[in-house]
Structures are given as structure tokens and as C-alpha cells.
Amino acid sequence: MVRYSGSTLGLIRTYWLATVVCMGGFLFGYDSGVAGGVLTFPSFERDFEFTAKQATRTTSLSVSLQQGGAFVSCLLVWPLTRRYGRKWPLVISSFVFCIGVIIDTINTHSLPAFYVGRIIAGLGLGAATVIIPAYNSEMAPKELRGQVGCFFQLFYTLGILISYWIDYGVAKHLGGKTAEWQIPIGLQLVPAAAIGLGALTLTESTRWLTGAGRHEEAWRSLVWIRASDSAEVEAEMQEIREGVERELKAQEGFRLTELLETHNGNFRLVATAFLMFTAQQSTGATAFAYYAPQYFKLLAGGSANQQLLLTGIFGAVKVVACAFFVFVLSNHLGRRKPLIVGAALMAILHFIAGAITKTHPPAKSGSPSSANIATVVMIYLFVTVYNMSYGPLPWPYISEIFPARIRDAGVAVGVASQWLFSFVYTLANAYMIDSMGWGVFILWGGLNSVIAVVSYFCIIETNNMSLERINELNRIPTPTSYKDEHPHAKDRDDILGAKRSSTPSNV
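Position one of the sequence shown corresponds to residue 4 (the working numbering), numbered consecutively onward.
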């Protein structure tokens, strides 16, 4: 269990804030899961008047255009969050998403209109994913920051789970009717509205208010989220103020080119954030989320309903694994070790699934063989590992590593890379499954192998440190300077361990 010394009400308010903002993760997950099923429904194909030969292209565009809209909004929203804070831009992003969903729910019989709705929804969703990690990390106490930061992935998996079973339910009971695809898409309005309305109950970010010079509001915000005005909270406020003021002294005249500066470590941090989310998308997990029925058809064959059932179980495995990590393991394992070990295990599981599928492909009809079932188990194990490593951890990690001066822009770059490579992989994935077959698992295995190596050399530990302390540590610009400070270290891991030993950690 997490050791938290604050008040019970403060704990409740911290979890409430994390729940409200991380409904954006639920929305992301629900959309990811619902698309793969809806786009295979005969009713959707009939109402939007495309043929079976056009299905791959239609599916690819329907999924990837939203990713493209999200990528654009990631780059546009950070100046707004810098000027207007976290709360109101989050409310606006939920409203924009709702507009896109309404367009998509209407049976226009027009694929271009459906595509426009997907792009608009992507603009709102992408903006929210930039705001959420910053808002969460700036308001959570350091003891809980890793846990509540992982809420995004937990809610993402919940969204996927619910969408899979809704797809399964409407396919079974409303097959062939227009409502079969309208209900799953229209239900996205519920979590989107929950974000916008729930945000109205929250206070603005304490750190953002401090940076804006609104110190009385910042104090009230911190007192509200901690439910206390004790000496410990006063000391925390002073630490926040000193940390932000150090950044503000040099903040006038901020230029985007500062993200490329190497003397202060900025470029290293931006590159880390970019690579972190590029790696997350390169594990293959997002491709599975969007195209799970198609993947299970490749692995085990069977009927469409059987593929949706396997997909529903897949979603349940994700939720259980992520919940166990968030509530039991997250603050004990830290960040670095799960990322390295997780990528290595995912590579092994992909290679096994690919090898079995090559030697024992599913029959065109009949029940899956024991070998086919084994490949499904490999994928369930893969998604379990993912939801204890590269699923939840990038979200808190990238919001922790940046100093206040470049945090908004740095987080935006990191999340933009997530949407960029999500766009690339979802656009290509339908074609990859058709053309590569079992080879797609070998590709994912190779990418995960690379991720494990890069993670070993690039990821430092940040668990249980204040943002101000992490900022101090990250001012050391290069591994060479680490070596200068710790001449007896034998390798990079020793250097990182020596660097971490000066601060308390649960790792």
C-alpha cells in the first residue's frame, strides 16, 4: 500500500481529481476499442455504402484520421494551457470531442462526413491527453503521484473493456440495425460530458497559479486538494513557490528553440519524452486495441462473434493487470525496472505467438486448435505485461521529468509523438495484418527488443521524488558529468543508482 501522511479528505480529493481528469483516458480507451468492432458491422457497411473490397481502406482512414486530428491538437493546445491553465482548456476539449461524436452518430450515409467527425473528435481528445498528465502531476502529493499518474492507463483499459462488451452485445442483439453502430459511438458522449462537468468541481493547478503570480489562489488550491493548512502544507507551498520562482527568473522570452538546447539538458529531456511514447506505440498494444477482432481472427480463426468474445476477454485481462499494477505495485517497483523488463518480456511473447501462428495457422472453419489457443494466451500475457510497464508508466514519467519552464511544451511534444505514431501504426495496421500475417508478430517482437535496449540506457528513476527534486537532478546535462561526480561507478546503471541514492525511493 502507498504510505500517505496527509488527511483522509485530502486523499479523497486527490483521487477525485485524478478520476475526473483521467476520464480522458477512459474516453481514449473506449474510442480505441469501439472502432475496431463497429467498423466490422454489416450495418455500418450498409449505411455508409462501401463494399467489402473497400473495407480495409475505410477502416484504416476511420481510425487514423482521428489520430491525425489528435496529433495536430497536441501541438496547438500547449500555448493555451500555458496562458489559461489546465481546468478550462480541459472543459473546452471535452466540448470539442462531443461535437465530433454527434456528427459521427448521425446516420448521414456519408463517409466524408463520418471522417470529419472523427477528425473533430480527435482534436478534443488529443488536447485532453496533453492537459491530463500535467494537471495530475502538478496536483498530486509526491507519495501518490506515480499511482494517480497511472490512473490514465487504468481508465484507458476500462474504456476498452466496456467498449468491447458493448460491441459484442449490440452485435448479438441488434445485428443488422442502424442502432447496432449508433449506440456504441453515441455512448462516447457520457464520459466526455463527465470530464467537462467534473472539471467544474476542481480547482486550478497550484503550480500553474503560482507561475501566473496568483499566489492567494495557489494557496487556496493547495489547501483544497490537501484538505489542510498545516505546517507541512505550508512547507510544500513554499517548496513549490521557490521551485517555480527559480524557473520564472529565467522564463521571460521563452522560445521553442530552447527545447533543442543541450547545455542545460533540455534536448535530452524532450528526446526522452518523444522516445517514451514512440516506444509505447511500437509495442503493438495500441494496434491490438483498435484491431483486436482482426488479430484474433489471424490467431484463432472462428466466427465474428467468437472473435468479439475473445476481444472482450482481452479487455478484461487489461483491466485486471493494470488495476493490480496501479494499486499494488506502482509505488514499489518505480519506473525504470518495469519499463526495461516489460519490453523484454513483450518481445519474447510476440516472437512465440508469431512462431506458433506460422507453424500452426488456424483452420478456415471449425474450432481453434490447442496451438491456436496457445497464441491467444501469449497475447493475453503480452497485454498483462504491457499494462504493468509501457501502458501506465509513460504518462506520469513525462510529466515528472520536465522543469516548469518547458513542462507544457515538453509534455506536448511527448504526447504528440504518441498520437503521431498511433496515426502511423493504425493507418498501416489493417494492411499489415492482410499482407504480413504471422510476420506482424515478429515485427512487434523486434521493435520491443529495441525498446528494451533503449530503455536500459535512457530511463532514469523518478519514483517518490518531488518535481522540484527531479528538476535539480535533471540539471546534470550529460552522462559524462554523472561519471565525473561518481568516479567509482562501473557502468551507467551504477551511475544512475548512485544518483538515486541521495534521495528516498521505494525502488
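Cβ coordinates follow ideal geometry from the N, Cα and C atoms, glycine included.
Here the structure is a predicted model, which means the values were calculated and not measured.
| field | Span separating the alpha-carbon of M142 from that of A234 | value | 18 Å
| message | Excluding the 5 residues flanking P516 on each side, which residues of the same chain have their C-beta closer than 7 Å to its C-beta? | response | The shown model of the chain, from 4 to 510, leaves out residue 516, and the question about it has no answer.
| field | Euclidean distance between Cα positions of V331 and A324 | value | Put simply, the backbone Cα of V331 is about 10 Å away from that of A324.
| query | Among I454, L126, V151, E245, which one has its Cα closest to the Cα of Y138? | reply | V151
| message | According to DSSP, is E52 part of a helix, a strand, or is it coil? | response | The DSSP-derived three-state label of E52 is coil.
| request: Reducing DSSP to helix, strand and coil, say where A215 ends up. | output: coil
| message | Just to confirm before moving on: does the CB-CB distance between F154 and L128 stay below 7 Å? | response | no
| message | Mapping the DSSP letters down to three states, classify F44 as helix, strand or coil. | response | Coil, per DSSP.
| said: If I follow the unbroken alpha helix (DSSP H) through N101, where does it start and stop? | reply: Just to set this straight, residue 101 is Cys in the shown sequence, not Asn. Element bounds for C101: 90-108.
| field | Inter-residue CB distance, A407 and V247 (contact presumed, cutoff 8 Å) | value | Indeed they touch by this definition, with Cβ atoms about 5 Å apart.
| message | Going by beta-carbon coordinates alone, are Q284 and F424 separated by less than 7 Å? | response | yes
| Counted within 10 angstroms of its Cβ, other Cβ atoms place Q57 as buried (16 or more) or exposed | Q57 is exposed by the Cβ-count criterion.
| request: Kindly indicate which three-state DSSP category N308 falls into: helix, strand or coil? | output: helix
| 6 Å Cβ shell around L126 - same chain, five flanking residues per side excluded | G72, S76, V99
| task | Output the boundary residues of the alpha helix (DSSP H) element that contains N269. | result | 269-285
| said: Cutting at 6 Å between CB atoms, please list the residues of its own chain near A295, excluding the five before and the five after it. | reply: G39, T314, F317
| field | Of the residues S46, I122, I401, G345, the one placed nearest I106, counting alpha carbons only | value | I122
| field | Beta-carbon proximity of Q70 to G394, cut-off 7 Å | value | no
| task | Evaluate D437 with the Cβ neighbour count: other Cβ atoms within 10 Å of its Cβ, from every protein chain shown; 16 or more gives buried, anything less gives exposed. | result | exposed
| query | Helix, strand or coil: which one does DSSP assign to D232? | reply | coil
| Can we say the segment 8-17 touches the segment 255-275, given the rule of at least three CB pairs closer than 8 Å? | no
| Secondary structure at W441, three-state DSSP: helix, strand or coil? | coil
| request: Quick one: residues in its chain with C-beta nearer than 7 Å to the C-beta of T481, no 5 flanking neighbours on either side, listed in chain order? | output: At T481 the pLDDT is 39, less than 50, meaning the model places this residue with poor confidence and gives no usable figure here.
| request: Since I believe S208 is in contact with G304 (beta carbons under 8 Å), could you give me their beta-carbon distance rounded to a whole number of angstroms? | output: The pair is not a contact, with the Cβ atoms about 50 Å apart (cut-off 8 Å).
| Are there 16 or more other CB atoms within 10 angstroms of the CB of R49, so buried, or fewer, so exposed? | When all chains shown are included, R49 counts as exposed.
| Can you list, in chain order, the residues of its chain whose CB lies under 6 Å from that of R339, leaving out five sequence neighbours each side? | I462, E464
| task | Determine the contact status of T289 and R244, defining contact as a CB-CB distance below 7 Å. | result | no
| task | Within the same chain, show all residues whose beta-carbon is closer than 6 Å to that of G536, passing over the 5 residues directly before and after it, in chain order. | result | Residue 536 lies beyond the residue range present for the chain, which begins at 4 and ends at 510; the question has no answer from this structure.
| Under a Cβ-count criterion, where at least 16 other Cβ atoms within 10 Å of its own Cβ denotes burial, should I15 be classed as buried or exposed? | exposed
| request: Classify H112 as buried or exposed, calling it buried when 16 or more other Cβ atoms lie within 10 Å of its own Cβ. | output: Within 10 angstroms of the beta-carbon of H112 lie fewer than 16 other beta-carbons, which makes it exposed.
| query | Would G13 be called buried (16 or more neighbouring beta carbons within 10 Å of its own) or exposed? | reply | buried
| message | With H, G and I counted as helix, E and B as strand and the rest as coil, what does DSSP make of R338? | response | coil
| field | Minimum C-alpha distance to Y383 - residue among V193, H176, A356 | value | A356
| query | Since V80 contacts A195 with CB under 8 Å, what's their CB separation in whole angstroms? | reply | So it is not a contact: roughly 16 Å between Cβ atoms.
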